[in-house]
Amino acid sequence: YDSEKYGSDAPTGMADFFDVKKFPGKRSLYKWGVSSWEAALLADGIAPASLYPLDLKRAHDKIAAFKENVVAYWGGGAESQSVLLNGEASMAIVWSTRASLIEQDSGGKIKFIWDQGLISPGALAVLKNNPGGKDAAMKFIASAQDPEKQLVMFDKLGQGPANPAADALIPADKKRINPVDPENMKKQIALDMEWYAKNYGAALDEYTKIISA
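Heads up: the sequence shown begins at -12 in the working numbering, then just goes up one per residue.
And the structure:
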């Protein structure tokens, strides 16, 4: 969010994101739906513990009614940065990796909060009959879990470490931008990946129709 525009009155959750009277200005949402449904429902008064299964009709009604306030539906990380840095949007829901870069690139003008952030896991899998073979794939996965290597990813991208042992290596002054730091984690809401596995395709089709209309 644009801290110069809102001053000390910083947003504290998704209700503020959708409140353009209290927080005037354009918004930007993710083009591919993930997080937009949850954000809309949280803003509409659904408690975090009651989010799933998502009430898609309620979410889509909220998103459709809010369309006039959305200046861009970003599809990639660079786009989410530019829409804030160039002043098109006063608030956006973006990846945490981009949020820390935006804050840095704007000299602190664009800030971010973890409150009601939506956190999702990453995963690595070994495909059956892959040309590289199982052993090579497992060696890569083991290497990727190395705390020192995860620290490099955090330093370069702000990517939250998957290995808890890497957390201890993060300097105190950088814990604020670590999405999986315990203090930040407790403010966020985990996406229900089982729900996404079963429902994402149909939900995205409907979402795309709404934002494209």
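Glycine residues also receive a C-beta, built at the ideal position from the N, C-alpha and C atoms.
ask   = For S23, which of helix, strand or coil comes out of DSSP?
value = Here residue 23 is taken as the residue at index 36 of the sequence shown, counted from 1. In this structure, S23 counts as helix in the three-state DSSP scheme.
Complete alpha helix (DSSP H) runs within the region 73 to 148 (minimum length 4 residues, chain order) = Annotation: the region 73 to 148 contains the following complete segments of the alpha helix (DSSP H) (minimum length 4 residues), in chain order: 83 to 92, 121 to 131, 134 to 144.
key: Residues that DSSP places opposite R14 in a beta bridge   = Numbered from 1 along the sequence shown, position 27 holds the residue referred to as residue 14. V57, M78.
inquiry  = Mapping the DSSP letters down to three states, classify D192 as helix, strand or coil.
reply    = Taking the sequence shown and counting its residues from 1, one reaches residue 192 at position 205. The answer is helix: DSSP assigns D192 an H, G or I state.
ask   = Do A26 and I97 have their C-beta atoms within less than 7 Å of each other?
value = On the sequence shown, residue 26 is found 39 positions in, with the first residue counted as 1. On the sequence shown, residue 97 is found 110 positions in, with the first residue counted as 1. Not a contact, by the Cβ cut-off of 7 Å.
request  = Report the partner residues of I33 according to the DSSP bridge assignment.
outcome  = On the sequence shown, position 46 is the one that residue 33 refers to. Per DSSP, none; premise fails for I33.
6 Å CB neighbourhood of K49 in its chain, flanking five on each side removed = What you label residue 49 is simply residue 62 of the sequence shown in a count that begins at 1. So the list reads A27, D31, once near-sequence residues are dropped.
task = Return the Cβ separation of N56 and V7 in integer angstroms, given the expectation that the two are a contact with Cβ distance under 8 Å.
result = Stepping through the sequence shown from its first residue, residue 56 is reached at position 69. Stepping through the sequence shown from its first residue, residue 7 is reached at position 20. The pair is a contact, with the Cβ atoms about 5 Å apart (cut-off 8 Å).
query = Beta carbon of K18, beta carbon of G62: below 7 Å?
reply = Mapped onto the sequence shown, residue 18 falls at position 31. Mapped onto the sequence shown, residue 62 falls at position 75. Yes. Within cutoff.
key: I176 (DSSP reduced to helix, strand or coil)   = Position 189 of the sequence shown, counted from the start, is the residue given in the question as residue 176. Of the three classes helix, strand and coil, the one that applies to I176 here is strand, per DSSP.
ask   = Would D102 pass as a contact of G12 if the rule is Cβ separation under 7 Å?
value = Numbered from its first residue, the sequence shown carries residue 102 at position 115. Numbered from its first residue, the sequence shown carries residue 12 at position 25. No, they are not a contact pair.
query = Nearest to L162 by alpha carbon, out of L16, S87, A200?
reply = Against the sequence shown, residue 162 aligns to sequence position 175. It should be pointed out that residue 162 corresponds to Lys in this sequence rather than to Leu. Ranking L16, S87, A200 by Cα distance to K162 puts S87 first.
task = Report the option in M78, Y60, A59, L138 whose CA atom is closest to the CA atom of K9.
result = As a first step, residue 9 is located in the sequence shown; it is residue number 22 there, counting from the start. When each option's Cα is compared against that of K9, the closest is M78.
key: Under 7 Å between C-beta atoms of T84 and L144   = The residue labelled residue 84 in the question sits at position 97 within the sequence shown. The residue labelled residue 144 in the question sits at position 157 within the sequence shown. T84 places its beta carbon less than 7 Å from that of L144.
inquiry  = Please report the straight-line C-alpha distance between D42 and I33, rounded to a whole angstrom.
reply    = Counting from 1 along the sequence shown, the entry for residue 42 is found at position 55. Counting from 1 along the sequence shown, the entry for residue 33 is found at position 46. Our two residues, D42 and I33, have alpha carbons roughly 10 Å apart in a direct line.
When E(-9), V70, A51, I157 are compared against V139, the one with the closest alpha-carbon = Walking along the sequence shown from the start, residue 139 turns up at place 152. Ranking the options by Cα distance to V139, first place goes to I157.
task = State the start and end residues of the unbroken alpha helix (DSSP H) segment that holds K(-8).
result = Here residue -8 corresponds to residue number 5 of the sequence shown, with the count starting at 1. In this chain, the alpha helix (DSSP H) harbouring K(-8) covers -10 to -7.
key: Residues near F53 in its chain [Cβ-Cβ closer than 7 Å; skip 5 each side]   = Here residue 53 refers to the residue found at position 66 of the sequence shown. The answer, listed in chain order, is F5.
ask   = Quick one: what does DSSP say G64 is sitting in, helix, strand or coil?
value = Taking the first residue of the sequence shown as 1, we reach residue 64 at position 77. Correct three-state label for G64: helix.
task = Let me know if P169 comes out buried or exposed under the rule of 16 or more other beta-carbons within 10 Å of its beta-carbon.
result = Locating residue 169 in the sequence shown gives position 182, counting from the first residue. An exposed status is given to P169, since fewer than 16 other beta-carbon atoms sit within 10 Å of its beta-carbon.
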